[in-house]
Ligand code: FES
Ligand code: MG
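In our numbering, the protein residues as written are 53 to 644.
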């Protein structure tokens, strides 16, 4: 029965497995599943077929825990009266895929859409973890719109090195500065990096992985408390079981992504992102999900709904602790509980639990106020993303929660002009150019410079690279200057602690303003007005356009070429623009 309409509802999988009009096709669809021992009675029973989108593999070590967890998912599905069918998704490993994992997000999205649409699947468990594996899964679920539930793999245990917490990614950015300054040697650098990865799981910092899994939970797409459970904890296996059970129930209840992914839910997610000090990759990923879900969301929503909120989660890179402490302190529900007390949670949003978000987080106050601060005692005020524009780009963002006191004092507290900085631009075309020339004495880089990188956006790189958090030349590091203002049309790692101006859109490679800046130009950054401009007059900019857009490398693979021809701006989610028109695709059945 359809619990919404009380009318008998036929599962879409029966169109394959029990179709009297196409008995020949039904036979063909059924027979090969027999070869591993599944029976026709099972497939024709009218029980929901639950796909398990397996993102874990040896190539995606961050998600590899799912290879084991899936046993508990299957148990849950069977106990709730469903039939599990596991299948692989395109692997995406953030730290290893060259030229960047971002290139593969839209490819994995396309692949999953085809699987969910073209196979006999009534509902799906989306296994997530590493950065891009959460957004591609939710983008596909939004497009196809069959009942879907997210199972995060969870972060690794806390990393330690020399009696200090060593957080994934963050320890690398910090150690490479020490290496360049001559404070540590290469072996110590390697030890610190390896110390940050003590177990299965994804990054244990509030990098893009933890952020995106928190976003999935904040949107209502995973069970309450799912995101933060460390991968090796017993609770992770229990969550896998409950998620499997719930996957069957949401098919019977016909709860689809379109019931959950509303504008109110996205606003909830934006607010949670500020409170946790979430990744700068969240805006493009949430935008991508929203566009595939048909939800009206804009970059300005981050300014409007996220900027003025405080940072509450004391987790690296904006804070001190890592995933285990965050989980024990209450995780995402404790963050949502804070919003609820402030009247800042859109309470009525439906979630995969079948209840509203407010019902889910009732009584979930944090038990550790050192790690999840109350609103009255935040780690930082106004900790959201600043959304900027100017003649260098129409839109870019800056993560204000990672601005250090030192950086603030040096650049943003000039007498009489708080929040305004002017500096000489040093322009790099891609990261090879940066590495080549950053220590070149002829550039004369000092603390009054702004480092600019272009050719790093979706079309330019291709895929958009995490390269904007450029570190200063060694000579400055040795003087104790650990970061310069940086601007770029690429992204930066969610684990980075740099207050870069990034995701600049439109990018240089499609003729955005960054294409026309030159080394030596003065750049003016005004945080109060949210502006970033090169102080070059329009006539001169027009003249420079005659030189053409700075060159970027040619496509090296077929997908790179197709990606470049189809991708939109980072500020609009960097989605396949042609894909956005396809909504609710499972509402029609594929041809036989
Ligand atoms: Fe995979 Fe961070 S590299 S989660
Ligand atoms: Mg990354």
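Built from N, CA and C at the ideal position, the CB exists for glycine as well. Everything numeric in this text was worked out from a predicted model, so none of it was measured.
Candidates 359, 228, 609: closest to residue 155 by CA position: 609
Which residues have their C-beta within less than 5 Å of a heavy atom of the ligand FES, listed in chain order? 114, 146, 147, 182, 254, 255, 261
Count the other C-beta atoms from every protein chain shown that fall within 10 angstroms of the C-beta of residue 98, then say buried if there are 16 or more, exposed otherwise. exposed
Per-residue DSSP class, three states only, for residue 373: strand
Inter-stretch contact at 8 Å, needing at least 3 Cβ pairs: the stretch 191 to 207 / the stretch 357 to 369: no
For the candidate residues 198, 181, 509, whose alpha-carbon lies nearest to that of residue 345? 198
Just the C-alpha distance for residue 321 and residue 217, rounded to the nearest angstrom, thanks. 28 Å
Contact between the stretch 332 to 345 and the stretch 537 to 548 is defined here as three or more beta-carbon pairs at a separation below 8 Å; is this criterion met? yes
Integer-rounded CB distance, given that residue 241 should sit under 8 Å from residue 172: That pair is no contact at about 51 Å.
Hey, could you find the ends of the beta strand (DSSP E) residue 139 is sitting in? 135 to 140
For residue 192 versus residue 139, is the C-beta spacing smaller than 8 Å? no
With 16 as the cutoff for other CB atoms within 10 Å, does residue 450 come out buried or exposed? buried
Does the stretch 481 to 488 come within contact of the stretch 127 to 137, defined as at least 3 CB pairs closer than 8 Å? no
Check the C-beta distance from residue 275 over to residue 404 and give it rounded, since I have them as a contact under 8 Å. 7 Å
Can you give the beta carbon distance from residue 142 to residue 160, rounded, assuming they're within the 8 Å contact cut? 4 Å
Over what stretch of residues does the beta strand (DSSP E) that includes residue 576 continue unbroken? 574 to 578
Sequence ranges, beta strand (DSSP E) only - wholly within the stretch 323 to 396, length at least 3: none
Once the 5 residues before and after residue 307 are set aside, which same chain residues still bring their CB inside 8 Å of it? 199, 402, 404, 406
Below 8 Å on the Cβ atoms is my guess for residue 626 versus residue 483; work out the distance and round it to an integer in Å. Their Cβ separation, rounded to whole angstroms, is 18 Å, which puts residue 626 and residue 483 out of contact at 8 Å.
Would you call the stretch 242 to 259 and the stretch 409 to 422 touching, i.e. three or more CB-CB distances under 8 Å? no
Measuring alpha carbon to alpha carbon, tell me which of 580, 349, 454, 353 ends up nearest residue 369. 454
Element boundaries [alpha helix (DSSP H), containing residue 85]: It is not in any alpha helix (DSSP H) - residue 85 carries neither H nor E in the DSSP assignment.
Quick one, which of 585, 72, 568 has its alpha-carbon nearest residue 560's? 568
Determine the direct distance from the alpha carbon of residue 65 to that of residue 239, and round the result to whole angstroms. 55 Å
Excluding sequence positions up to five away, which residues of its chain have a Cβ less than 7 Å from the Cβ of residue 554? 332, 448, 449, 520, 540, 542, 543, 544
Return the bridge partner residues of residue 533 from the DSSP annotation. Answer is none; residue 533 lacks a bridge partner.
Do residue 265 and residue 186 have their C-beta atoms within less than 8 Å of each other? yes
Sequence-distant residues of the same chain with beta carbon closer than 6 Å to residue 601, five excluded per side: 563, 567
Contacts around residue 146, its chain only, beta-carbon distance under 6 Å, and the 5 residues preceding and following it disregarded: 153, 182, 183
Locate the beta strand (DSSP E) running through residue 481, then write down its first and last residues. 472 to 481
Residue 121 (DSSP reduced to helix, strand or coil): helix
Nearest-angstrom beta carbon gap, residue 196 and residue 165 [assumed within contact, 8 Å]: 6 Å
Keeping to the same chain, check which residues put their C-beta closer than 8 Å to that of residue 444; ignore five residues upstream and five downstream. 539, 556, 564, 565, 566, 569, 575, 584, 585, 586
Status (buried if at least 16 other CB within 10 Å, exposed otherwise) for residue 641: exposed
When the Cα atoms are used, what is the spatial distance from residue 644 to residue 615? 30 Å
Enumerate in chain order the residues of its own chain whose CB-to-CB distance from residue 398 is below 8 Å, with the five nearest sequence positions on each side excluded. 316, 317, 319, 320, 409
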